[in-house]
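In the working numbering, the protein residues as written are 2 to 294.
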Amino acid sequence: MTKWQRDRGLAARMVITMFLLFVVYIVFIGILVSMRVPIVYILPFAGVMLFLQYYYSAKMVLMSTGARIVSESEEPVLHGIISRLCIEADLPKPRVAIVESSIPNAFATGRNPKNAVVAVTTALMRRLNQDEVTAVLAHELTHIKNRDVMVLTIASFFSTIAFFLVRYLLFFGGGSRREGGGGILAAWVVSLLVWIASYLLIQALSRYREFAADRGSAIITGHPSHLVSALMKISGTMDHVPTEDIRKAEGMNAFYIIPAISGRSVMALFSTHPSLEKRVFALEKISREMEMR
Numbered sequence: 002m003t004k005w006q007r008d009r010g011l012a013a014r015m016v017i018t019m020f021l022l023f024v025v026y027i028v029f030i031g032i033l034v035s036m037r038v039p040i041v042y043i044l045p046f047a048g049v050m051l052f053l054q055y056y057y058s059a060k061m062v063l064m065s066t067g068a069r070i071v072s073e074s075e076e077p078v079l080h081g082i083i084s085r086l087c088i089e090a091d092l093p094k095p096r097v098a099i100v101e102s103s104i105p106n107a108f109a110t111g112r113n114p115k116n117a118v119v120a121v122t123t124a125l126m127r128r129l130n131q132d133e134v135t136a137v138l139a140h141e142l143t144h145i146k147n148r149d150v151m152v153l154t155i156a157s158f159f160s161t162i163a164f165f166l167v168r169y170l171l172f173f174g175g176g177s178r179r180e181g182g183g184g185i186l187a188a189w190v191v192s193l194l195v196w197i198a199s200y201l202l203i204q205a206l207s208r209y210r211e212f213a214a215d216r217g218s219a220i221i222t223g224h225p226s227h228l229v230s231a232l233m234k235i236s237g238t239m240d241h242v243p244t245e246d247i248r249k250a251e252g253m254n255a256f257y258i259i260p261a262i263s264g265r266s267v268m269a270l271f272s273t274h275p276s277l278e279k280r281v282f283a284l285e286k287i288s289r290e291m292e293m294r
């Protein structure tokens, strides 16, 4: 097996993205302080929301998707694959769940490796062979190893504050605008711009995390081509999935290995995932690197 190591270029892009988020948030706080905007109620509220999201993310995701935790006696093959991969990845074994769905997909959730869950859909188990399923599960386990839920939750904190400020100032700032001129309006505009900028940066960070998980899968399994095959099968199947099923699943796209996107969805413009072409290109590069060693 190829030794686990960082992709320095990818790591650098993630660090730069986090730094840009930090700069945006520092400027945001400075402007709000200078405008004397009362955020004493917004800050705790956003903190509580993110606290609940972080600590109860696994339960919320499982409920949203209809995932069902399965025992080893119910799904011995699936449990066996995950057990072997966890040994390779040096991870505690997560809980395993199945989702009844016509969309072939998988996801991982949980605030840390000890509280993680890996779920696959019934369609994924039907359409992919065992090597491809193994590659997909290795991708999801890499998300757990990299603590992606924690990273994205921390990155989203001030973005959430900006979002709530936009709503608060829009609906409750009318009287203040009449009394205080354009100060509240300016704060609303700043909050909106910060939310948009941070949203785009967080989406970029999410895409980098997907590249990192793809790389982790290639290293854990030693076969990047298996994940390439799985990604192409999953992506090719999306065109044949009922549109209604796709729309129902779109809210969970950040968790899936391939986003469920309907043709008319605006989410295609702000995807949490890199394009299939870029992911395949990156995996083929990793494959060449492995062959040269």
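Each residue gets a CB set at the ideal place from its N, CA and C atoms; glycine is no exception. It should be emphasised that the depicted structure is a prediction, and the values quoted were computed from it without experimental measurement.
Annotation for Ala109: the continuous beta strand (DSSP E) segment containing it runs Ala107 to Thr110. In the three-state reduction of the DSSP assignment, Val97 falls in the strand class, which pools E and B. Just measuring C-alpha positions, the residue of Pro105, Glu290, Ala120 and Ala109 sitting nearest Leu129 is Pro105.
Going by C-alpha positions, Met15 is about 24 angstroms away from Ser192. Boundaries of the alpha helix (DSSP H) harbouring Thr66: Ser58 to Thr66, taken from the DSSP string. Following the DSSP letters along the chain, one finds Val121 inside the beta strand (DSSP E) bounded by residues Val118 to Thr122. Taking the C-beta atoms as reference points, Ala187 is found nearer than 9 angstroms to Met36.
With a cut-off of 8 angstroms on Cβ pairs, the region 221–231 is in contact with the region 126–140, counting three or more such pairs. DSSP places Ile258 in the coil class of the three-state scheme, outside both helix and strand. Per the coordinates, the alpha-carbon of Asp215 lies some 31 angstroms from the alpha-carbon of Ile162. DSSP places Arg69 in the strand class (E or B) of the three-state scheme.
For Thr154, the uninterrupted alpha helix (DSSP H) segment begins and ends at Asp149 to Ala156. DSSP, read as helix, strand or coil, puts Leu92 in coil.
Rounded to whole angstroms, the separation of the alpha carbons of Tyr257 and Ile235 is 11 angstroms. Taking the CA atoms as reference points, Thr123 sits about 17 angstroms from Gly237. Scanning the region 191–237 from its first residue to its last, no whole alpha helix (DSSP H) run of 4-plus residues comes out. When secondary structure is reduced to three states using DSSP, His144 falls in the helix class.
Membership of Lys279 in the alpha helix (DSSP H) is indicated by the continuous run Leu277 to Met293. Relative to the Cα of Val100, the nearest Cα in the group Phe108, Ala13 and Pro93 belongs to Phe108.
In the structure shown, His80 adopts helical secondary structure according to DSSP, grouped into three states. Excluding residues up to 5 positions away in sequence, Pro114, Leu142, Ile145 and Lys146 lie with their Cβ nearer than 7 angstroms to the Cβ of Leu92 in the same chain. Annotated three-state conformation of Ser160 is helix, per DSSP. With respect to the C-alpha of Arg168, the residue from Ser157, Lys279 and Val190 having the closest C-alpha is Val190. Residue burial annotation: Ile83 is buried, with at least 16 other C-beta atoms found within 10 angstroms of its C-beta.
Excluding its 5 nearest sequence neighbours in each direction, Ile203 has C-beta neighbours in its own chain below 8 angstroms: Leu22, Leu153, Ala156, Ser157 and Ser160, listed in chain order.
Apart from the 5 residues on each side of it in sequence, Gln131 sits with its Cβ closer than 8 angstroms to the Cβ of Val78 and Ile82 in its chain, given in chain order. Counting the other CB atoms within 10 Å of its CB gives Ala12 a total below 16, which places it among the exposed residues.
Arg112 and Tyr55 do touch by the CB rule: their CB atoms are close to 5 angstroms apart, below 8 angstroms.
Relative to the Cα of Ile70, the nearest Cα in the group Val118, Arg210, Tyr57 and Arg294 belongs to Val118.
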